[in-house]
Amino acid sequence: MNQDLRVFCLDNKSCASKQKFKPGSSSTFTKSNKTWSGKYEKGFAKGVLGTDIMKFGGLDEEQLAVPNTTFGLANHVSSDLEEDAADGILGLAFTALATDNAVPPLINAINQNLLDKPLFTVWLQSRRSNITAEGLVTYGAIDTKNCGPISAVGMGNFTHTQVYEAASDSGTTLIGGPKAVIDLLAKTAGATYNASEDLYFIDCSFTVPTLDFTIGSNKYSIDRANYVIEVKKNVCIMIIYSSQSGGFRPDWLLGTPFIHQYCNIFDIGQKRIGFAVSL
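Structure below.
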């Protein structure tokens, strides 16, 4: 999970389609002389740091205001990010992972006792519904409307018993794992790797089993609908990839396919994570 708050495209001529932050229009904004840079799944950005009041929530609803929030203002973004629909990145990870010694906005809110509980819930609607998937982040509480009880729920004939480190990441759109395991997983399912596109293609008519992960003593199953998607008529891909572990990188990265299946409850106060079936 990303750890910093970044607003792409500081008020300039680039990124014409994006909502831009205008420092001159804010009486509470304080500019810093510190700079930052970052690489993301879809590109690169760099800029300066600043401090202002950040508000969680939509314009037409009650908002959570967090004073003295440090964030990055991008004055240069790569073409990939210019074309991306997002106007920025909201990082929610721990302070220890943050860059530039900046306290992430949610941690800042917790430190100021602005939340009912020091946790948040991420819910992504399952793709089983065959409609455009929605999502919701609940700050300071467990989402009991969209998430079932926080308990265990568990590919087919595919098993691999080695122990790995794993991380859940709402900013990653695929499931990443060691190349040998991912290749065997794809082969077992009947998928074919396309090196030029770096994707695993599979016949849409194939019957693909659930994908099981054991986390702790609990088994979690991902349905076919959440990790096999149709990219065009009769052309499907498995949304998995070979990740490079080592250093601070985990062996497995459980991106949005996992979160479509299971709500993620990040308990910052107790430094733990819970999973609940997405309703």
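In the numbering used here, the protein residues as written are 16 to 294. Heads up, the beta-carbon is just placed ideally off N, CA and C, and yes, glycines get one too.
Original post:
Once you ignore the five residues that flank A117 on each side, which residues in its own chain have a CB closer than 6 Å to its CB?
Top reply: Taking the first residue of the sequence shown as position 1, residue 117 is located at position 102. Cβ within range, chain order: T85.
Original post:
What is the C-beta distance between I237 and F281, in whole angstroms, given that I count them as a contact (C-beta under 8 Å)?
Top reply: Here the question's residue 237 lines up with position 222 in the sequence shown. Here the question's residue 281 lines up with position 266 in the sequence shown. The pair is not a contact, with the Cβ atoms about 19 Å apart (cut-off 8 Å).
**OP:** Can you give me the Cβ contacts of D95 inside the same chain, cut-off strictly under 6 Å, excluding the 5 residues immediately before and after it?
**Re:** Position 80 of the sequence shown holds residue 95. Contacts found: K57, G58.
Original post:
Run through DSSP, which three-state label would F273 get?
Top reply: Residue numbering aside, residue 273 sits at position 258 when the sequence shown is read from its first letter. Residue state, collapsed to three classes: helix.
Original post:
So, using beta-carbon positions, are D184 and L121 closer together than 8 Å?
Top reply: For this step, residue 184 is matched to residue 169 along the sequence shown. For this step, residue 121 is matched to residue 106 along the sequence shown. Not in contact: D184 and L121 (Cβ atoms no closer than 8 Å).
Original post:
Given a threshold of 16 other Cβ atoms within 10 Å of its Cβ, counted over all protein chains shown, does A100 qualify as buried or as exposed?
Top reply: Working through the sequence shown from its first residue, we reach residue 100 at position 85. Around the CB of A100, fewer than 16 other CB atoms lie within 10 Å, so the residue is classed as exposed.
Subject >> Euclidean distance between Cα positions of L139 and C278 >> reply: One-based indexing of the sequence shown puts residue 139 at position 124. One-based indexing of the sequence shown puts residue 278 at position 263. Rounded to the nearest angstrom, the two C-alpha atoms are 7 Å apart.
Original post:
Skipping 5 residues on each side, what residues in its chain have a beta carbon closer than 7 Å to that of L79?
Top reply: For the purposes of this step, residue 79 is taken as residue 64 along the sequence shown, with counting starting at 1. Excluding the 5 residues flanking it on each side, L79 has same chain C-beta neighbours closer than 7 Å at K70, F71, G72, A124, L129, Y154, in chain order.
**OP:** Label K33 either buried or exposed according to how many other C-beta atoms from any shown protein chain fall within 10 Å of its C-beta, with 16 as the threshold for buried.
**Re:** Along the sequence shown, one-based indexing puts residue 33 at 18. Looking at its Cβ environment, which holds 16 or more other Cβ atoms inside 10 Å, K33 is buried.
**OP:** State the CB to CB distance for the pair Y256 and L189, rounded to an integer number of angstroms; the pair is presumed to be in contact (CB under 8 Å).
**Re:** Taking the sequence shown and counting its residues from 1, the one referred to as residue 256 is at position 241. Taking the sequence shown and counting its residues from 1, the one referred to as residue 189 is at position 174. Confirmed, about 5 Å.
Subject >> Between the CA atoms of N126 and D115 - distance to the nearest angstrom >> reply: In the sequence shown, counting from the first residue as 1, residue 115 sits at position 100. In the sequence shown, counting from the first residue as 1, residue 126 sits at position 111. Cα to Cα, the separation comes out at about 18 Å.
Original post:
Which class does N241 belong to by DSSP, given the choice of helix, strand or coil?
Top reply: Within the sequence shown, the letter at position 226 stands for residue 241. Three-state result, N241: helix.
**OP:** Using alpha carbons as the reference points, say which of D227, K248, P38 lies closest to V196.
**Re:** In the sequence shown, counting from the first residue as 1, residue 196 sits at position 181. Per the Cα distances, D227.
Original post:
If we count the other Cβ atoms within 10 Å of its Cβ and call it buried at 16 or more, is T43 buried or exposed?
Top reply: Looking up residue 43 in the sequence shown gives position 28. It counts as exposed.
**OP:** Please work out which residues of its chain come closer than 6 Å, Cβ to Cβ, to Y208, disregarding the five sequence neighbours upstream and downstream, and give them in chain order.
**Re:** For the purposes of this step, residue 208 is identified with residue 193 of the sequence shown, where counting begins at 1. Only Y215 meet the Cβ criterion.
**OP:** Taking all protein chains shown into account, decide if V223 is buried (16 or more other Cβ within 10 angstroms of its Cβ) or exposed.
**Re:** For this step, residue 223 is matched to residue 208 along the sequence shown. With 16 or more Cβ atoms within 10 Å of its Cβ, V223 is classed as buried.
**OP:** Go ahead and label Q276 buried or exposed: buried means 16 or more other beta carbons lie within 10 angstroms of its beta carbon, across all protein chains shown.
**Re:** Mapped onto the sequence shown, residue 276 falls at position 261. Q276 should be labelled buried.
Original post:
Going by Cα to Cα distance, which pick from L20, A113, S47, A111 is closest to V81?
Top reply: Your numbering for residue 81 matches position 66 in the sequence shown. Per the Cα distances, L20.
Original post:
What residues match up with F290 in a beta bridge as DSSP calls it?
Top reply: Taking the first residue of the sequence shown as position 1, residue 290 is located at position 275. In the DSSP output, where bridge partners are listed per residue, F290 has N279.
Subject >> Distance, N249 Cα to C219 Cα >> reply: Here residue 219 is taken as the residue at index 204 of the sequence shown, counted from 1. Here residue 249 is taken as the residue at index 234 of the sequence shown, counted from 1. If you take the alpha carbons of C219 and N249, they lie about 6 Å apart.
Original post:
Cα separation between F221 and G205?
Top reply: The count along the sequence shown starts at 1 and reaches residue 221 at position 206. The count along the sequence shown starts at 1 and reaches residue 205 at position 190. Whole-angstrom Cα-Cα distance: 8 Å.
**OP:** To the nearest angstrom, report how far apart Y235 and S47 are at their CA atoms.
**Re:** Start at 1 with the first residue of the sequence shown, and residue 235 comes out as number 220. Start at 1 with the first residue of the sequence shown, and residue 47 comes out as number 32. Each residue's alpha carbon lies about 45 Å from the other.
**OP:** Given a cut-off of 8 Å, decide if A60 and I165 are closer than it, judged by their beta-carbon atoms.
**Re:** In the sequence shown, counting from the first residue as 1, residue 165 sits at position 150. In the sequence shown, counting from the first residue as 1, residue 60 sits at position 45. Not closer than 8 Å, so no.
Subject >> Those runs of the beta strand (DSSP E) which lie wholly inside the segment 194 to 243 and span at least 3 residues >> reply: Uninterrupted beta strand (DSSP E) stretches at least 3 residues long and entirely within the segment 194 to 243 occur at 207 to 209, 214 to 217, 226 to 230, 233 to 237, given in chain order.
Original post:
Opposite T13 in the DSSP bridges: which residues?
Top reply: Nothing can be reported for residue 13, as the shown portion of the chain is limited to 16 through 294.
Original post:
Between the C-alpha atoms of E212 and K160, what's the straight-line distance to the nearest angstrom?
Top reply: Residue mapping note: residue 212 aligns to position 197 of the sequence shown, counting from 1. Residue mapping note: residue 160 aligns to position 145 of the sequence shown, counting from 1. Straight-line Cα distance between these residues: approximately 39 Å.
Original post:
With 8 Å set as the bound, which would you pick, yes or no: does the beta-carbon of F36 sit closer than that to a beta-carbon of chain B?
Top reply: In summary, chain B is missing from the structure at hand, where a single protein chain is found.
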